[in-house]
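FYI, the numbering for the sequence shown is 6 to 251, going by the working numbering.
All C-beta atoms, glycine included, are put in the ideal place defined by N, C-alpha and C.
Below: one structure, written as structure tokens.
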Amino acid sequence: MKYFDAHNHLQSYPSDSEGDAAMAAAEAAGVEGMLVCGTSPADWGTVLELSLRYPGITPCFGLHPWFAAEEGWLDRLEEFLSRAPSCVGEIGLDGLKGLPGHEENFAAQLALAKKLKRPAVIHCVKSWGKLPELLRAARPPAFMLHAYGGAPEQTAELAALGAYFSFGPELADPKREKLRAALVAVPRGRLLLESEAPEKNVPGRPAGPAAVAAAAEAAADLLGLSEDELAGLTLGNAENFIREIQ
Ligand SMILES: [Zn+2]
């Protein structure tokens with residue numbers, strides 16, 4: 006089976022050897038592509054280097070809502086985006102841990118995504134009322150909501166705006182009822198899977214981007230599809246998402 010990890014931070018492994026080991030395990034598990042997401046100017050260079058080293062990596066550059074904006078960051082971001090076929094991300098709204106000004110930074114990055122015709126990789130926590138408004142104003146060519154945590158009922162509104170929805174291996178947890186209901190509510194052509202490596206390890210499951218296989222297993226179960234069908238569906242969706250890069 007072939008998988009695509011739609012959201013991780015490969016640059017955040019404590020050492021190169023741990024990152025390389027995670028990539029070897031991912032390859033062995035059938036993960037053939039991934040979006041590796043930067044979070045601030047401090048890691049964009051590493052993300053770019055990784056994408057040159059591993060052909061399956063599509064780099065993403067963005068200022069995450071938890072990180073402070075340094076002088077000149079938006080110009081540097083545009084420069085990084087021009088250096089490789091890439092997405093804008095990880096960017097977003099965070100009503101719990103977002104820094105002051107993060108909403109303006111998010112809007113500026115959505116405008117940049119629109120200007121450069123790049124898909125956006127979006128983090129949204131406790132800001133589900135504000136998000137559609139900002140997306141309607143900016144209209145990026147495509148966007149994905151990583152680790153979708155909104156209501157199942159909001160998926161139709163967001164899908165109409167062009168959203169892709171990404172889910173991780175926590176889908177396997179039967180206590181995550183809202184998350185599992187949201188997965189079922191998402192239009193199948195907009196469904197993506199992610200590991201958020203190196204952070205989200207599920208005990209007893211492979212770690213790193215290979216964990217996307219555990220997300221696929223859980224999603225297939227919830228949707229009544231074979232793992233093969235689910236892997237093919239989400240890989241095709243990821244290819245459509247990346248095709249929006251111009
Ligand atoms: Zn992330």
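For E32, the enclosing alpha helix (DSSP H) begins and ends at 21 to 34. With 16 or more other Cβ atoms from the protein chains shown falling within 10 Å of its own Cβ, V126 counts as buried. Here the C-alpha atom of D48 lies approximately 18 Å from the C-alpha atom of F111. The count of Cβ pairs closer than 8 Å, one atom from the region 171 to 191 and one from the region 225 to 244, reaches three, so the stretches are in contact.
At a threshold of 8 Å, T44 counts as near ligand 1, since its beta carbon sits closer than that to one of the ligand's heavy atoms. Around T160, the same chain offers F170, A187, A190, V191 as residues with beta carbons nearer than 7 Å, after the five sequence neighbours per side are excluded.
Look at H107: its beta carbon is at least 8 Å from all of the heavy atoms in ligand 1. In the three-state reduction of the DSSP assignment, T44 falls in the coil class.
In the structure shown, S87 falls within a helical segment according to DSSP collapsed to helix, strand and coil.
Taking the Cα positions, R88 is about 30 Å away from A33. For H107, the enclosing alpha helix (DSSP H) covers residues 107 to 121.
Secondary structure of F170 (DSSP, three-state): strand. Between ligand 1 and A152, a heavy atom-to-CB distance of less than 8 Å is present. In terms of Cβ geometry, H14 and A202 form a close pair [threshold 9 Å]. In this structure, the C-beta of E162 stays at least 8 Å away from each heavy atom of ligand 1. When the beta-carbon positions are compared, L197 and T239 come within less than 9 Å of each other. Cβ-Cβ distances below 7 Å link G24 to L15, Y18 in the same chain, with the five nearest sequence neighbours on each side left out; the list follows chain order.
A direct Cα-to-Cα measurement between A216 and E37 gives close to 13 Å.
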